[in-house]
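Numbering (the numbering used here), first residue to last: 2 to 439.
Here a beta-carbon is modelled for each residue, glycine too, at the ideal position from N, C-alpha and C.
None of the values given here were measured: they were computed from a predicted structure.
Some notes on the structure that comes next.
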Amino acid sequence: MPPFLDLAPIRGARGTLRLPGSKSVSIRALLLASLAQGETRLTGLLDSDDTRVMREALRACGVPLHDEGEAGLCVRGAARFPLREAQIFVGNSGLSIRTLVAVLCFMDGRYRLSGVPRMHERPIGDLVDALRPLGARITYLERERFPPLLIEPALPRVAQPVRVRGDASSQFLTGILQAAPLLAREQPLTVQVEGELISRPYIDLSIALMRRFGVEVERGAGASGAPRYTVAAGARYCSPGVFAVEGDASSASYFLALGALAGGPVRVLGMGRSSLQGDVRFAEVLTAMGAEIAQGDDWTEARSIGLAAGFRPRAIDADFNHIPDAAMTAAVIALFADGPSVLRNIGSWRVKETDRIAAMATELTKVGARVEVGADYLRIEPPTVLRAASIDTYDDHRMAMSFSLVACGGVNVRINDPGCVSKTFPDYFAQLAALTST
Numbered sequence: 002m003p004p005f006l007d008l009a010p011i012r013g014a015r016g017t018l019r020l021p022g023s024k025s026v027s028i029r030a031l032l033l034a035s036l037a038q039g040e041t042r043l044t045g046l047l048d049s050d051d052t053r054v055m056r057e058a059l060r061a062c063g064v065p066l067h068d069e070g071e072a073g074l075c076v077r078g079a080a081r082f083p084l085r086e087a088q089i090f091v092g093n094s095g096l097s098i099r100t101l102v103a104v105l106c107f108m109d110g111r112y113r114l115s116g117v118p119r120m121h122e123r124p125i126g127d128l129v130d131a132l133r134p135l136g137a138r139i140t141y142l143e144r145e146r147f148p149p150l151l152i153e154p155a156l157p158r159v160a161q162p163v164r165v166r167g168d169a170s171s172q173f174l175t176g177i178l179q180a181a182p183l184l185a186r187e188q189p190l191t192v193q194v195e196g197e198l199i200s201r202p203y204i205d206l207s208i209a210l211m212r213r214f215g216v217e218v219e220r221g222a223g224a225s226g227a228p229r230y231t232v233a234a235g236a237r238y239c240s241p242g243v244f245a246v247e248g249d250a251s252s253a254s255y256f257l258a259l260g261a262l263a264g265g266p267v268r269v270l271g272m273g274r275s276s277l278q279g280d281v282r283f284a285e286v287l288t289a290m291g292a293e294i295a296q297g298d299d300w301t302e303a304r305s306i307g308l309a310a311g312f313r314p315r316a317i318d319a320d321f322n323h324i325p326d327a328a329m330t331a332a333v334i335a336l337f338a339d340g341p342s343v344l345r346n347i348g349s350w351r352v353k354e355t356d357r358i359a360a361m362a363t364e365l366t367k368v369g370a371r372v373e374v375g376a377d378y379l380r381i382e383p384p385t386v387l388r389a390a391s392i393d394t395y396d397d398h399r400m401a402m403s404f405s406l407v408a409c410g411g412v413n414v415r416i417n418d419p420g421c422v423s424k425t426f427p428d429y430f431a432q433l434a435a436l437t438s439t
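Quick look at the structure:
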């Protein structure tokens, strides 16, 4: 793609969009299929930078993957990967490295994992600290508590239960849970969360997918009331035969917001009431902000009279702990609200593809908003007059997609490095153009 993309003011939007496959589901399903006995056909997989990273990582470990085009991807799994030595590149996919590390620690092999420079700035020490008492042998190759990493065959397990912090990233817990059947050979494996668990719906998603692949996770609570999870002794993954990946709920947020801001109706297919993903709850945020939402089991639709006809979203003061990715979309909608909005409990933004709190504050200010920045919150006061701006995206796909919605305010918007959307939604801007009138 070119170095920048100029978006004309969006005057209206309507239509229907089939969502790409969920990144969160695709990456989890790829790994679970590789660990499950038998062959699994994965349909609806997202084809993007992050999912390609996971596919290539599995191939590097010797997992047989056969792409059959529209018929899906066939994965032949086993409890142990065929190759015990590999160089693995994870790009900037946090979910890929955090789930792979937990699994590779118990594959009796030697693996090196590295990524792009930003990945080497994203902390992984809490996951390593949780895995080492289980016998994991992990060496930091450059900077303590950050990738790149060397993994060597594990030592005997010496600790029970596993303890993992929940307040940095739910992906650490997801990684350990998905690796649990590799450890629960002779006795159950219990994982105790320490501190607050952020992004809990992503853990619910992980557990639901593990169930589809034959492994049950028992939920409970420790003495402090913090979540506690147990995988029974002898648990084994088994293939469900065919597994269909649902549409991406995080990606849906941009188009539902489009329907709300530009009139709509805009309907997304592949994400509805039956969705396993936590970001399906973004529909509740839009309702609170005054949009009209309709929903079926496999679709969601948003509409309003539109900004051009006088619609102003209601300001919100809300906790986004459970849906931090979709919170970025809400931050841009707040530009048009009838008063200041506060987005709370978004501290996890700081360790994503970029420091999203700092990046979001900088770019919102460019278009005229007054922004108050806290350790884990943003207060956004809408501008009296929205300004045209050149938006920097920080190599962060969600910055590009969320700020494209600024064009609904009747101003020109330049998106720098629009190609960064290839991480999760390569044809995002084409789909946006198909639904809008300028």
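Out of L105, R164 and I199, the CA that lies nearest to the CA of A155 is found in L105. Taken in chain order, the whole alpha helix (DSSP H) runs of length 4 or more contained in the segment 245-306 are 250-262 and 283-289. Annotation for V216: A181, P182, V232, A236, R237 and Y238 place their beta carbon closer than 8 Å to its own, counting only its chain and skipping 5 residues before and after. Under the three-pair Cβ rule at 8 Å, the segment 105-123 does not count as touching the segment 66-73. In this structure the segment 395-413 lies against the segment 340-360, because at least three pairs of beta carbons, one per stretch, are closer than 8 Å.
The straight-line gap separating the alpha-carbon atoms of A103 and L433 is approximately 37 Å. Residue pairing for V414: DSSP places it in a beta bridge opposite L8 and A390. With a threshold of 16 other beta carbon atoms within 10 Å, I347 meets it and is buried. If you draw a straight line from the Cα of A14 to the Cα of E302, it is about 12 Å long.
Annotated three-state conformation of I347 is coil, per DSSP.
Between the alpha carbons of A338 and A258 lies a gap of roughly 13 Å. Residue pairing by DSSP places A319 opposite L344 in a beta bridge. In the three-state scheme derived from DSSP, where H, G and I count as helix and E and B as strand, G63 is classed as coil. The shortest C-alpha to C-alpha distance from A292 to any of A261, A435, V218 and Q161 is the one to A261. According to the DSSP secondary-structure assignment, Y141 is paired through a beta bridge with L150. Taken through DSSP and simplified to helix, strand or coil, Y395 comes out as coil. Annotation: P314 to S342 spans about 10 Å, alpha carbon to alpha carbon. Less than 9 Å divides the Cβ of L406 from the Cβ of V333. When C-beta atoms of the segment 46-63 are compared with those of the segment 22-32, three or more pairs fall below 8 Å, so the two segments count as touching. Sequence-distant Cβ neighbours of D320 in its own chain, meaning closer than 6 Å and more than five residues away, are R345 and N346. Put simply, the backbone Cα of A327 is about 26 Å away from that of R220. For S115, the enclosing beta strand (DSSP E) starts and ends at R111 to S115. Taking the Cα positions, R60 is about 10 Å away from V76. In the structure shown, I381 falls within a strand segment according to DSSP collapsed to helix, strand and coil.
The DSSP-derived three-state label of C421 is helix.
Between the segment 191-208 and the segment 167-182, the count of C-beta pairs closer than 8 Å reaches three or more; the two stretches touch.
Distance from the Cα of G420 is smallest, within the candidate group Y395, V414, A408 and V412, for Y395. Measuring C-alpha to C-alpha distances from G226 to each of I28, R138, G196 and A376 identifies G196 as the nearest.
Rounded to the nearest angstrom, the gap between the Cα atoms of A30 and E153 is 25 Å.
Here DSSP, grouped into helix, strand and coil, assigns L47 to coil. When Cβ pairs closer than 8 Å are counted between the two stretches, the segment 130-150 is seen to touch the segment 108-118, the count reaching three or more. Annotation: the continuous alpha helix (DSSP H) that includes A209 extends over R201 to R213.
Distance from the Cα of V26 is smallest, within the candidate group A250, G369 and L336, for A250.
Its Cα nearest to that of K367, the residue P384 stands out among P384, M55 and G375.
Residue range R357 to K367 is occupied by the alpha helix (DSSP H) that includes E364. In the structure shown, F430 falls within a helical segment according to DSSP collapsed to helix, strand and coil.
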